[in-house]
Amino acid sequence: MPYLGLVQLIGKYVFLAGMYVFLIWAFRELFRTLRFEQSAARGVPATLPSAGAATARRQAPAAP
6 MPYLGLVQLI GKYVFLAGMY VFLIWAFREL FRTLRFEQSA ARGVPATLPS
56 AGAATARRQA PAAP
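Written out as structure tokens, the structure is:
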């Protein structure tokens, strides 16, 4: 197969791009969790962004 080197090269960069995306996601989740835990340790009421958005939608007045 004459294109084996090309397939390996493309595979390498696809793998590296996937690792990059995974690391960005993992660090965002880590710092999001740490920020929530720090506010809880200080006694400041805080919600995660997704929970806050859901609460805001539930509290919105119903349209007539």
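By the count of my numbering, the sequence shown reaches residue 69 at its end, each step adding exactly one.
C-beta atoms are modelled at their ideal positions from N, C-alpha and C, and glycine is treated no differently.
**Message:** Mapping the DSSP letters down to three states, classify G23 as helix, strand or coil.
**Reply:** In this structure, G23 counts as helix in the three-state DSSP scheme.
**Asked** Where F36 and W30 are concerned, what is the direct C-alpha to C-alpha distance, given to the nearest angstrom?
**Response** As the crow flies, the alpha-carbon of F36 is around 10 Å from that of W30.
**Rounded separation between F41 and L28 - CA only** = C-alpha separation (whole angstroms): 20 Å.
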